[in-house]
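**Q** The opening residue of the sequence shown carries number 13 in this note's numbering; numbering runs sequentially from there.
In this text, a Cβ means the ideal position worked out from N, Cα and C, and glycines have one as well.
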Amino acid sequence: MTSNRRTFAIISHPDAGKTTLTEKLLLQGGAIHLAGEVKARGAARRARSDWMKIEQQRGISVTSSVMTFERDGVTFNLLDTPGHEDFSEDTYRTLTAVDSAIMVIDAAKGIEPQTRKLFEVCRLRSVPIITFVNKVDREGKPVFDLLDEVADTLALDVSPQSWPIGMGGVFEGVLDFGTDTISRPEGPSKEFLGKREADVELAGPMAEEVELARHGYPEFDIEAYRHGDLTPVYFGSALKNFGVTELIDAIARFAPPPRPQPSEAGPIEPTRDEVTGFVFKVQANMDPQHRDRIAFMRMVSGTFKRGMKLIPSGLGKPIAVHSPILFFAQDRELADTAEAGDIIGIPNHGTLRVGDTLSEKNQVRFTGLPNFAPEILRRVQLKDPTKTKQLRKALDDLSEEGVIQVFYPEFGGQWIVGVVGQLQLDVLISRLSAEYKVEASLEASPFATARWLKGSPEAIKGFEEFNRANLARDRDGDPVFMAKSAWDVGYQQEKNPDITFGATKER
Ligand code: GDP
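Below is the structure:
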């Protein structure tokens, strides 16, 4: 049996139209069914009250993190990636939980830096991409130039599946190559309201352009697409509804169902009976009164049922998942089950961490989730020295959530935080203040990067004796070498061949 799940994300540069497109996808994909709006009925009523309780009492807003909708028997799980200019680990990790992505490009701007960065992450994992060139209702770059830009900057074959008939002031609709129909703008707002014309004879330069477009590019090839070598390109306007249905159809028809996920013992197939999954995101409570958090688990295999016991790899003993947040689609009778490709939100008090595997038998360890070597290291300076305890708690919590990484040096009292992007530091300072009432600032640290030490206890002990000034412990008490430069890492590695200096921490 092939799965009817399509789990995907939208990648784009800020302002390209991700939010607008998301809304339109949800609207056109039938009812918008965010978790809080599920109709109360039987088992679903319980689910709803669980949800409402969590949302109201704890003020957690998770609705926008996972959006589920159904259309023609296909269930779509759209995972939101935070839309900041500065990337964060959160965004990257969310991309490990999807099977495909839509890349939204502004027709006037082409490939922008953030699009490119996110694309590279997708490519690392061969995540297939469908391209949506947005805002064709406005003046944009020439269409052939846009396609060349995608192909050249991303080293990707492009296969246009539709074509804008003019842009901006001369925009007359979008020609769909599949059905040979043109969606036409209507009314004063020039929106697409459902008017499609077949057998339109194009004339003059437009006819030539379309002729070239149809024959000048590779044919769509589903294998090449699923491999990440080719992207089908759709043109449209999220704001004016052009191209949105075509996009949903493309995901339904071409985007891959749940893929096998890499684990220590080889790929885990979605058809495996056992429930397995991994935590790709942990979201804290927005309400400072509570320290609860929601772990988002991507289901890799099996059928999850409410109340099931699962073993988190980081804990080793089972936890009962009584109040999971399931992201329902419309009209699903059995709203309290989830299967491969789905996302479950699991409320917990810090037991679950990003990167954890959850499973029934505790035999699987997923490996796909990247940890990132911190590239920016800063000392945390407390404004009020009596708040040390609160600061420690906050840093531990936030590192568990994956907001920052924390290092406690063996010598000296000042704690160090490590991040991949500047944005994480801003988030740290504002959350310290808002949630923990700790005012702190960040200062330069003498360190350039950090390396997790692995080796025999004797080897580690020997190393520690000589390098105390450059040693720290992470949140779990594991030893970390704080390096002043990349050269420093290479030098120590050469001197200590029995020790591995890991750029990331494998849990
Ligand atoms: P995001 O930052 O990628 O989420 O972008 P938004 O969806 O917030 O859109 C950014 C701006 O572009 C908003 O003012 C939208 O109204 C506008 N916008 C989005 N899609 C279109 C479109 O298809 N055509 C036009 N003309 N404007 C659009």
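Tell me the DSSP secondary structure of K507 in three-state form.
**A** helix
**Q** Thinking just about the alpha-carbon of each residue, which of A109, D27, T32, T103 is nearest to the one in A352?
**A** Taking A352 as reference, the option from A109, D27, T32, T103 with the minimal CA-CA separation is A109.
**Q** Grab the span of the alpha helix (DSSP H) containing R137 for me, first residue to last.
**A** No alpha helix (DSSP H) holds R137; DSSP gives it neither H nor E.
**Q** Answer with buried or exposed for G71, where buried requires no fewer than 16 other C-beta atoms within 10 angstroms of its C-beta.
**A** Summary for G71: the model assigns pLDDT 39, below 50, so the residue's position carries little reliability, and this model does not support an answer.
**Q** So the candidates are D188, Y237, P197, S171; which of them puts its Cα closest to the Cα of V182?
**A** It is P197.
**Q** Going by other Cβ atoms of all chains shown within 10 Å of its Cβ, with 16 needed for buried, is I209 buried or exposed?
**A** Per the sequence shown, the amino acid found at residue 209 is Glu instead of Ile. Classification for E209: exposed.
**Q** Return the CA-CA distance between S275 and K293, expressed in angstroms with no decimal places.
**A** Rounded to whole angstroms, S275 to K293 spans 18 Å at the Cα level.
**Q** Could you give the uninterrupted runs of the beta strand (DSSP E) lying entirely in the region 169-199, keeping only those of 3 residues or more?
**A** 169-172, 174-176, 186-188, 193-198
**Q** Report the three-state DSSP secondary structure of H45 (helix, strand or coil).
**A** Its pLDDT being 43, under 50, H45 is placed unreliably in this model, and the coordinates cannot settle the point.
**Q** At a cut of 8 Å, does the region 403-417 reach the region 360-367 through at least three beta carbon pairs?
**A** Contact between the region 403-417 and the region 360-367 is present: three or more C-beta pairs spanning the two stretches fall below 8 Å.
**Q** At a cut-off of 6 Å, is N253 close to the ligand GDP when judged by its beta-carbon and the heavy atoms of the ligand?
**A** no
**Q** Does the ligand GDP have even one heavy atom less than 6 Å from the beta-carbon of K373?
**A** False, no ligand heavy atom lies under 6 Å from that Cβ.
**Q** Report yes if the C-beta of G360 is less than 6 Å from at least one heavy atom of the ligand GDP; otherwise report no.
**A** First, the residue type needs correcting, since residue 360 is Asn and not Gly in the sequence shown. Checking every heavy atom of the ligand GDP against the Cβ of N360, none is found closer than 6 Å.
**Q** Quick one, which of K153, D233, R150 has its alpha-carbon nearest P140's?
**A** D233
**Q** Between the C-alpha atoms of F493 and G425, what's the straight-line distance to the nearest angstrom?
**A** 17 Å
**Q** Might you give, ordered along the chain, the residues of its own chain that have their beta carbon closer than 6 Å to the beta carbon of P421, omitting 5 neighbours on each side?
**A** A484
**Q** DSSP has S468 in a bridge; who is on the other side?
**A** S468 is not bridged to any residue.
**Q** Measure the CB-CB distance between P268 and R310 and report whether it falls below 7 Å.
**A** With respect to the 7 Å criterion, P268 and R310 are not classified as neighbours on the basis of their beta carbons.
**Q** Could you tell me the distance, in whole angstroms, from the CA atom of D241 to the CA atom of V133?
**A** 14 Å
**Q** Could you tell me the distance, in whole angstroms, from the CA atom of K121 to the CA atom of G190?
**A** Note on geometry: alpha-carbon atoms of K121 and G190 lie some 27 Å from one another.
**Q** In three-state DSSP terms, what is Y448?
**A** helix
**Q** Just tell me which of F156, E258, S195, G278 has its CA closest to the CA of E220.
**A** Residue F156 is the option with its Cα nearest to E220.
**Q** Note the first and the last residue of the continuous beta strand (DSSP E) segment covering G289.
**A** In the DSSP annotation of this structure, the continuous segment of the beta strand (DSSP E) that includes G289 starts and ends at 288-296.
**Q** Taking the alpha helix (DSSP H) that K153 belongs to, which residues open and close that run?
**A** That residue, K153, is in no alpha helix (DSSP H); it is neither H nor E in DSSP.
**Q** Should K36 and A264 be called a contact, given that it needs their Cβ atoms to be closer than 7 Å?
**A** 7 Å or more divides the Cβ of K36 from the Cβ of A264.
**Q** Spatial neighbours of A225 within its chain, please: C-beta separation below 7 Å, excluding the five flanking residues on both sides.
**A** P172, W175
**Q** Classify Q342 as helix, strand or coil using the three-state DSSP reduction.
**A** At Q342 the pLDDT is 45, less than 50, meaning the model places this residue with poor confidence; the figure from the coordinates comes in the next sentence. The answer is coil: DSSP assigns Q342 none of H, G, I, E or B.
**Q** With DSSP as the reference, label E477 as helix, strand or coil.
**A** helix
**Q** Thinking just about the alpha-carbon of each residue, which of D27, S15, T31, T14 is nearest to the one in I21?
**A** This sequence places Ala at residue 21; Ile is not what is there. The candidate whose alpha carbon is nearest that of A21 is T31.
**Q** I'd like to check one pair, K252 with E184: are the Cβ atoms closer than 7 Å?
**A** no
**Q** Could you check which residue in D111, T19, V116, I23 has the C-alpha nearest to that of M79?
**A** T19
**Q** How far does the beta strand (DSSP E) with R487 in it reach, from first residue to last?
**A** That residue, R487, is in no beta strand (DSSP E); it is neither H nor E in DSSP.
**Q** Considering only heavy atoms of the ligand GDP, does any lie closer than 6 Å to the CB of N146?
**A** yes
**Q** Under 8 Å Cβ to Cβ from Q393, same chain only, skipping five residues before and after it: list those, please.
**A** Short of 8 Å from the beta carbon of Q393, and not among the five residues preceding or following it, lie these beta carbons of its own chain, in chain order: Q426, A452, S453, L454, E455.
**Q** Based on Cα-Cα distance, which residue from S457, G152, D164, E161 lies nearest to I177?
**A** Taking only the C-alpha atoms, the option nearest I177 is G152.
**Q** Can you give me the Cβ contacts of I23 inside the same chain, cut-off strictly under 6 Å, excluding the 5 residues immediately before and after it?
**A** A113, M115, L130
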